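Data block below; observations after.
Number of protein chains: 2
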Amino acid sequence: MVMIEPNGHFCSDCAVRATAVCSSLDLAELREFDHLGRRVTFAAGETVFSEEDITTSFYNVLEGVMRLYKLLPDGRRQIVGFALPGDLLGMNIAGRHNFSADAIGAVTVCQFAKTAFGRFVEDRPHLLRRINELAIRELSQAHDHMVLLGRRSAEEKVATFLLNWRERLVSLGGSSDMVPLPMNRQDIADYLGLTIETVSRTFTKLERLGVIEIIQGGISLLDPARAEALAAASRSYFDF
Amino acid sequence: MVMIEPNGHFCSDCAVRATAVCSSLDLAELREFDHLGRRVTFAAGETVFSEEDITTSFYNVLEGVMRLYKLLPDGRRQIVGFALPGDLLGMNIAGRHNFSADAIGAVTVCQFAKTAFGRFVEDRPHLLRRINELAIRELSQAHDHMVLLGRRSAEEKVATFLLNWRERLVSLGGSSDMVPLPMNRQDIADYLGLTIETVSRTFTKLERLGVIEIIQGGISLLDPARAEALAAASRSYFDF
DNA sequence: AAAGGCAGTTGATACAGATCAATTCGGCGG
DNA sequence: CCGCCGAATTGATCTGTATCAACTGCCTTT
């Protein structure tokens, strides 16, 4: 973990300015906000915080991808989400994180001391409303993911994952046919409630079907419509 | 759906006063709040709102149990949660519910028009903070449920469900050995990502093990410690 | 360029839980 | 009290995914 420029950075030219929590702040507030956060960088594989830890900070992801996960005592892991630039981490009840977070590849976050951040939010209901909005959006995504985990087949899971991941990257300015997958197969398996072998086989199957092409560090989405059809729970491609 | 006493009720003697959103309101605010909500009753099996519906109201559960679920186009169902007295429903993004809600047995809710409720919240940050707290608590529960759906065996799922359900009922003043199950086996199956037959077999198994006794409308928890052991992911009962 | 190592793929087999099919139980109307 | 009907249970069998095991390919180190 490396801290850079404790205060030498300005929110006004931050990359995630438009999408993150801070989108609800005006210029005067932003200037104050500058002094609250500090940029911190984590190397690939480093743990940013652990499930049992007492929450002392909020984190705003600026660059990179993180895996958010929970472990069972015997080592089984469920990844509850991947965090991308603009995502806010650290909201919790009872003062403890409810999942762990690792950097996948290098990650830069904007870290806020919980107390200072709390004071800042105190008399800014619009910021609180923005935080609430983010929490509810996440809750909604969590519900969608429950459907996937509880009721979808391996093929549907993988196709859905690829499409959703692509959509998130597109909304951050990514291309729509090349889909980078910075996480490894095990991460994908633990996200989808599958084993690494099943994920691998399903990728291969989708490739054989001409839906995707497996390339270094990701996939190329050859047939998005077909992928949608495989992801959806419709009985067949053309039934209505 | 039956509306009773549009305004003849008082928040100050509401059953869920202490646990619901309204716990953050003072007496003066409560008096104002009286005029915002109206009590509405739903019969067993009635749908309170559907996933596609535009959100026009918030609902505060006063009595009864609701199932919250999402459907796939081909009819597969995932129950994302059960709502009990004190729970707040209707928080959403983009103005649409993100799941459907049915009454299991008779249900009474306190219904608020979204616009009026929104105005009331507007200049009451403490209420907003309370709502945020509830949203984050639900998000945390959602994460726990993802672990269950993605990484736990049928036996662990059922044992975990029974313990968690009991805990919720206890916190509402229920007894701790008799656990009523107002939902049917299909509901439990759709909540746990299992089939009805697997749920039934697992209940029978737990009964054979002497962990529970299956009784009308619920179970009796004979051996809570053993149930905990089955729910947890430890390798064995006594492993170090 | 060879060697080592880890991530990913592929194959063979096992098994938990799904599916299909009766059967039993319990509440309710006549 | 009897017969009906939906919910729950139980049984037999099937199957999707896990598990166990080997192999491949790519990057890294020397």
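Heads up: the sequence lines are chains A and B, in that order.
Heads up, the first sequence is in this note's numbering, so the first residue is 1 and it goes up one at a time.
Heads up, the second sequence is in this note's numbering, so the first residue is 1001 and it goes up one at a time.
All C-beta atoms, glycine included, are put in the ideal place defined by N, C-alpha and C.
Note that the coordinates shown come from a computational prediction; the quantities given were computed from them, not determined experimentally.
G1193(B) touches chain A at which residues, Cβ-Cβ below 7 angstroms?
L149, G150 and R151
query: Which residues of chain B have a Cβ atom closer than 7 angstroms to the Cβ of K70(A), listed in chain order?
result: H1143 and V1147
_Here's the rule: buried if 16 or more other CB atoms are within 10 angstroms of the residue's CB, otherwise exposed. What is N98(A)?_
buried
Problem - S1175(B) versus M1066(B), D1087(B) and G1218(B), residue with shortest Cα-Cα distance - result: G1218(B)
Express the C-alpha separation of T1195(B) and E155(A) in angstroms, rounding to a whole number. 20 angstroms
**Q.** Same chain, Cβ closer than 6 angstroms to D100(A), five either side skipped, listed in chain order
**A.** Correcting the residue type first, residue 100(A) is Ser in the shown sequence and not Asp. Within the same chain, S100(A) has close Cβ partners S50, E51 and Y69.
| task | Quick one: residues in its chain with C-beta nearer than 6 angstroms to the C-beta of M1183(B), no 5 flanking neighbours on either side, listed in chain order? | result | I1104
Exercise. Just the C-alpha distance for P224(A) and L1072(B), rounded to the nearest angstrom, thanks.
Key: 20 angstroms
- Task: With 8 angstroms as the threshold, decide whether the Cβ of E1228(B) is near any Cβ in chain A.
- Result: no
P85(A) versus E133(A), I131(A), G64(A) and L230(A), residue with shortest Cα-Cα distance: G64(A)
Q) Counting only beta-carbon atoms, is L25(A) nearer than 8 angstroms to chain B? A) no
Just verifying my parser: in three-state terms, what is the DSSP assignment at L1071(B)? strand
### Task
List the DSSP bridge partners of L1163(B).
DSSP output for L1163(B) lists no bridge partner at all.
**Request:** Determine, using beta carbons only, whether D88(A) and A20(A) come nearer to each other than 8 angstroms.
**Result:** Sequence inspection shows Leu at residue 88(A); the Asp mentioned does not correspond to that position. Yes. Within cutoff.
Q: Kindly indicate which three-state DSSP category C1110(B) falls into: helix, strand or coil?
A: strand
Closer than 7 angstroms by C-beta to I54(A): which residues in its own chain qualify, once you throw out the five before and the five after it? Chain order, please.
G95 and R96
In chain order, what residues of the same chain have a beta carbon less than 7 angstroms from the beta carbon of E1207(B), not counting five sequence neighbours either side?
E1213 and I1214
task: For L1221(B), count neighbouring C-beta atoms within 10 Å of its own C-beta (all shown protein chains included) and say buried if the count is 16 or more, exposed if not.
output: buried
Query raised in the report: Along chain A, in chain order, which residues have C-beta atoms closer than 7 angstroms to that of F1099(B)?
Result: H143
- Item | Short CB-CB distance (under 8 angstroms) between N184(A) and chain B | no
Interface partners of E1241(B) on chain A, CB under 7 angstroms: With chain B running from 1001 to 1240 in the structure shown, residue 1241(B) is simply not present.
Taking 8 angstroms as the threshold (C-beta atoms), are V1061(B) and V1109(B) in contact?
yes
*Taking just the CA atoms, how far does C1011(B) sit from P125(A)?*
25 angstroms
Practice prompt. Would you kindly work out how many angstroms separate the C-alpha atoms of L1148(B) and V147(A), rounded to a whole number?
Written response: 12 angstroms
Would you say N132(A) reaches chain B, if we count a Cβ-Cβ gap shorter than 8 angstroms as a contact? yes
- Task: Please confirm whether L1(A) and F42(A) have their CB atoms less than 8 angstroms apart.
- Result: Note on residue identity: the sequence assigns Met, not Leu, to residue 1(A). Yes, they are a contact pair.
query = Straight-line CA distance for D26(A) to L127(A)?
reply = 10 angstroms
Would DSSP call E122(A) helix, strand or coil? helix
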